[in-house]
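Colleague: The structure's right below; bear with me while I get my questions together.
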Amino acid sequence: MIQNPTVRISRQAHRTLKELAARSGQPMQVILDTAIEEERRRRFVEEANASYARLRQNARVWGDVEAERATWDATLSDGLDCNEAWGEDEPVLRSKKKTRKAK
């Protein structure tokens, strides 16, 4: 049997966790898992923003970033029909044309 790891939290944190679980109707583990994932995502965005801020401080490097973006932006007007979709197992395009209902 695989045992779940144990983490110590303060009594206040436990009371808050218990209250959040009671209010939401979800188990404390779900509340805690959600909070941890939200914190992970928040830190990811914070670190990405800090990295871009550092890039912006160097005009030459930031110019390179903007030039690369411009190159990729050119793919937006590559002439492909935005209503076409590739099937997962189909090597051929099929059109997802919208049909209007008769009035």
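Numbering follows the working numbering, in which position 98 of the sequence shown is assigned residue number 89; successive positions increment by one, without gaps.
Glycine included, C-beta positions come from ideal geometry on N, C-alpha and C.
Near L23, which residues of its chain fall below 7 Å by C-beta distance, leaving aside the five closest residues on each side in sequence?
Modeller: For the purposes of this step, residue 23 is identified with residue 32 of the sequence shown, where counting begins at 1. Exclusion of the five residues before and after L23 leaves L8 as the residues of its chain whose Cβ lies within less than 7 Å of its Cβ.
Colleague: Quick one: give me the first and last residue of the alpha helix (DSSP H) that S42 is part of.
Modeller: As a position in the sequence shown, residue 42 is number 51, starting the count at 1. Its alpha helix (DSSP H) spans residues 19 to 47.
Colleague: Return helix, strand or coil for E75, following the three-state DSSP convention.
Modeller: Taking the sequence shown and counting its residues from 1, the one referred to as residue 75 is at position 84. Looking at E75 - three-state DSSP - the assignment turns out to be strand.
Colleague: Please go through the same chain and pick out, in chain order, the residues whose beta-carbon is closer than 6 Å to the beta-carbon of R2, but skip the five residues on each side of it.
Modeller: The sequence position of residue 2 within the sequence shown is 11, counting from 1. Within the same chain, R2 has no close Cβ partners at all.
Colleague: Could you check the C-alpha separation between E10 and E28 for me, to the nearest Å?
Modeller: Taking the sequence shown and counting its residues from 1, one reaches residue 10 at position 19. Taking the sequence shown and counting its residues from 1, one reaches residue 28 at position 37. Their backbone Cα atoms lie some 19 Å apart in a straight line.
Colleague: Specify, as a first and last residue, the run of the alpha helix (DSSP H) that L11 falls within.
Modeller: The count along the sequence shown starts at 1 and reaches residue 11 at position 20. Here the alpha helix (DSSP H) through L11 covers 2 to 15.
Colleague: Return the CA-CA distance between D55 and A44, expressed in angstroms with no decimal places.
Modeller: Here residue 55 corresponds to residue number 64 of the sequence shown, with the count starting at 1. Here residue 44 corresponds to residue number 53 of the sequence shown, with the count starting at 1. One C-alpha to the other measures close to 14 Å.
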